[in-house]
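K.L.:
Protein chains in written order, with my numbering: chain A, 1 to 153; chain B, 154 to 306.
This structure is in structure tokens; I'll ask about it shortly.
2 protein chains.
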Amino acid sequence: MPLDEPAVTFRPALRTDLARVVELIADDDVARERTGTFGAAHVAGFEAIEASPNDELVLAVLDDEVVGVMQLTFVPGVSRNGATRLLVEAVRVDARRRGRGIGRALMEHAHARGRERGAALAQLTSDKQRPDAHRFYRSLGYAQSHEGFKLTL
Amino acid sequence: MPLDEPAVTFRPALRTDLARVVELIADDDVARERTGTFGAAHVAGFEAIEASPNDELVLAVLDDEVVGVMQLTFVPGVSRNGATRLLVEAVRVDARRRGRGIGRALMEHAHARGRERGAALAQLTSDKQRPDAHRFYRSLGYAQSHEGFKLTL
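What follows is the structure in structure tokens.
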């Protein structure tokens, strides 16, 4: 199997995948502390995603194992000539599986799903502490055109 | 009336406000071209916002005139311990009314609305061509912690 064509498949996350999803999201130097240990707060977040018509939690599966995750949010809008935006959050690939094109396949799946639902624009932010991720997103054609701001409420 | 306490009120945008909303969004060097002339695409975008349980288009009103606009999107999630995020997009204040605290009042209203709906985090991106906006968001307490990426689909 060539390195750039992993036999990755994609499917929506189920409630029974949630412990694994939290594990993937937490397995990261930047996110570990703020993710917390798998518990009721994650279940509530998952149920809110399931209840939303505009949100999808998508898994990448390789050899029957969940190896990646991302959340897609479709944001309708008036600006940019009434464009729907695809917001991509919480992109993670299993650390043991990196460098095999899984992240790229995941993002290409996000863009295909975005086009299916009529999105004209994909957008995401990446912590300034992640220069490798920035290079990755630029390699996918993203413009690094914006500053990203966060405020705890 | 002190400069920092404008008598601004806030209300959801109605279909009849839409031409004014598009005018406000387009009245900006960065956004003018990509906004387009008010038409069917903006109406479709507005109707999609109205149909979404997670999106709100909010107007700032001063002396019976619409002087500002912003879109709020509530994004449920598993990451950050199951936090809901408040995404703020398309923030605009009438160019003739700037420097009177309307933008600050608009953002404080966004944050109050975010807390009401249980959001733990507010986030937004701002074009790298807008240093004044970056200073403004930092002055509100935002951390300029992320790089923002966009891709046309």
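C-beta atoms are modelled at their ideal positions from N, C-alpha and C, and glycine is treated no differently.
(1) Which same chain residues end up closer than 6 Å to B/M154 when comparing Cβ atoms and leaving out the 5 residues on each side of it in sequence?
(2) Could you name the residues of chain A that B/L215 contacts, counting a contact when the two beta carbons are closer than 9 Å?
(3) Of all the options B/R187, B/V161 and B/F199, which has the alpha carbon lying nearest to the alpha carbon of B/R168?
(4) Can you grab the Cα-Cα spacing for the pair B/R245 / A/E33, in whole Å?
(5) Cutting at 6 Å between CB atoms, please list the residues of its own chain near B/R270, excluding the five before and the five after it.
(6) Is it right to say B/Q224 is buried, meaning 16 or more other beta carbons lie within 10 angstroms of its own, or is it exposed?
(7) Can you give me the Cβ contacts of B/R283 inside the same chain, cut-off strictly under 7 Å, excluding the 5 residues immediately before and after it?
(8) With DSSP collapsed to three states, give me the class of A/E132.
(9) If the cut is a Cβ gap below 7 Å, which residues of chain A does B/F163 touch?
(10) Pop quiz: B/G235 and A/H42 are said to be a contact at Cβ under 8 Å. What is the actual Cβ separation, rounded to whole angstroms?
(11) In whole angstroms, what is the alpha-carbon distance linking A/A122 and A/G141?
(12) Provide the residue span of the beta strand (DSSP E) that contains B/L240, from first to last.
(13) Which residues in the same chain have their Cβ closer than 6 Å to the Cβ of B/R173, if we skip the five residues on either side of it in sequence?
(14) Below 7 Å CB to CB, which residues in the same chain sit around B/V175 once its five sequence neighbours on both sides are set aside?
(15) Report back the beta-carbon spacing between A/E89 and A/L124 to the nearest angstrom; my notes put them in contact at under 8 Å.
(16) Could you tell me which residues DSSP puts in a beta bridge with A/P12?
(17) Does DSSP put A/A161 in a helix, in a strand, or in coil?
(18) Report the CB separation of A/S126 from B/F289 in whole angstroms; it is logged as a contact under 8 Å.
(19) Apply the 10 Å Cβ neighbour rule to B/R266 and answer buried if 16 or more other Cβ atoms are within range, or exposed otherwise.
P.N.:
Considering the structure as presented:
(1) The predicted model places B/M154 with a pLDDT of 47, which falls under 50 and marks its position as unreliable; any figure quoted below should be read in that light. Cβ within range, chain order: n/a, list empty.
(2) Ordered by position in chain A, no residue passes the 9 Å Cβ test against B/L215, which lies about 20 Å from the chain.
(3) B/F199
(4) 35 Å
(5) F227
(6) buried
(7) V183
(8) It is Asp, not Glu, that sits at residue 132 of chain A in the sequence shown. Residue state, collapsed to three classes: helix.
(9) Simply none; closest approach about 17 Å.
(10) 5 Å
(11) 11 Å
(12) T237 to V246
(13) V219
(14) T188, F191 and H195
(15) 7 Å
(16) A/V58
(17) This structure cannot speak to residue 161 of chain A, because chain A is shown only from 1 to 153.
(18) That pair is no contact at about 22 Å.
(19) buried
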